[in-house]
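The block underneath contains the structure these notes are about, expressed in structure tokens.
There are 2 protein chains.
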Amino acid sequence: MNQRPDGVAKGSCAARGAVELHAALKEQLKDTGLARVEARACTASCLDVCWAGPVIAVEPDGHFYGRVTAADVPEIVASLRAGTRVERLVLPPRDFDEQTAGPALPVVRGG
Amino acid sequence: MNQRPDGVAKGSCAARGAVELHAALKEQLKDTGLARVEARACTASCLDVCWAGPVIAVEPDGHFYGRVTAADVPEIVASLRAGTRVERLVLPPRDFDEQTAGPALPVVRGG
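As you go down the protein sequences, you meet chains A and B in turn.
Okay, so the first sequence: first residue is 18 according to my numbering, each after it adds one.
Okay, so the second sequence: first residue is 18 according to my numbering, each after it adds one.
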């Protein structure tokens, strides 16, 4: 998971809540019985869409959720159970290019 | 990337060469101009197929390479360029279950 030293202007996914996001996703997948059997919450090194981070690459479905916060996790888990996706979080093509992407999430802590 | 303390009987992907594997893949993707534009070598937390590790989840293609060593990297990079896959490394369904999987790679160092 991308982390940078405190105070770096660019921030990082960790500074935008990725650590808590991963923990929440992992816990709620476990609570709903999806963990291991149906879905696994893995961390990854930088996926190179910093401006839209934290992102979740949903595989094998092949889409990215972007600007995800821990508050989105219940909806993500429910959609995994239902076999649907959370359309409002799916990154459109323009968000894979920093020049055309929408605004980044605010940095919520130093790291 | 999965790592365990030195001497743990189960070993780990790191103990089976995953660190060097990732470095070789990243470097050779860069050398061939595939990095950023066509392919990105990301690390991930444990993908839950320990017995077949190190593994590479090839996305969005949707297959796993298993028991991969740094020696396999040139062939992997060449196949990415060619739009093919390295069949001998693709994990068959039986390798996703520890009870039916083939033998693990030997541990090459403690960690």
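Note that beta-carbon positions come from the ideal geometry of N, C-alpha and C, so glycine has one too.
Interface residues of chain A facing residue i [CB-CB closer than 7 Å]
{"i": "alanine 61 of chain B", "result": "Cys59, Thr60 and Ala61"}
Buried versus exposed, by CB contacts within 10 Å (16 or more), residue i
{"i": "valine 25 of chain B", "result": "exposed"}
{"i": "glycine 50 of chain B", "result": "exposed"}
{"i": "valine 54 of chain B", "result": "exposed"}
{"i": "glycine 128 of chain A", "result": "Low local confidence applies: a pLDDT of 49 at glycine 128 of chain A is under 50, so the model's placement there is unreliable, with the coordinate-based value given in what follows. The residue in question, glycine 128 of chain A, is buried, as its Cβ has 16 or more Cβ neighbours within 10 Å."}
{"i": "proline 71 of chain B", "result": "buried"}
{"i": "alanine 99 of chain B", "result": "exposed"}
{"i": "alanine 95 of chain A", "result": "exposed"}
{"i": "arginine 84 of chain B", "result": "buried"}
{"i": "alanine 40 of chain B", "result": "exposed"}
{"i": "glycine 28 of chain B", "result": "buried"}
{"i": "alanine 88 of chain A", "result": "exposed"}
{"i": "glutamine 116 of chain B", "result": "exposed"}
Inter-residue CB distance, residue i and residue j (contact presumed, cutoff 8 Å)
{"i": "leucine 38 of chain B", "j": "valine 90 of chain B", "result": "7 Å"}
{"i": "valine 125 of chain B", "j": "arginine 33 of chain B", "result": "6 Å"}
{"i": "valine 66 of chain B", "j": "aspartate 112 of chain B", "result": "7 Å"}
{"i": "cysteine 59 of chain A", "j": "asparagine 19 of chain A", "result": "Cysteine 59 of chain A to asparagine 19 of chain A, Cβ: 14 Å. No contact."}
{"i": "alanine 61 of chain A", "j": "alanine 61 of chain B", "result": "5 Å"}
{"i": "alanine 118 of chain B", "j": "tryptophan 68 of chain B", "result": "5 Å"}
Closer than 6 Å: residue i CB and nearest the ligand ATP heavy atom
{"i": "isoleucine 93 of chain A", "result": "Among the components modelled here there is no ligand, and therefore nothing to report on the ligand ATP."}
Which residues, taken in chain order from the segment 63 to 81 of chain A, show a beta carbon closer than 8 Å to some beta carbon of chain B?
For the segment 63 to 81 of chain A, which is checked against every Cβ of chain B, the residues closer than 8 Å are Cys63, Leu64, Asp65, Ala74, Glu76, Pro77 and Gly79.
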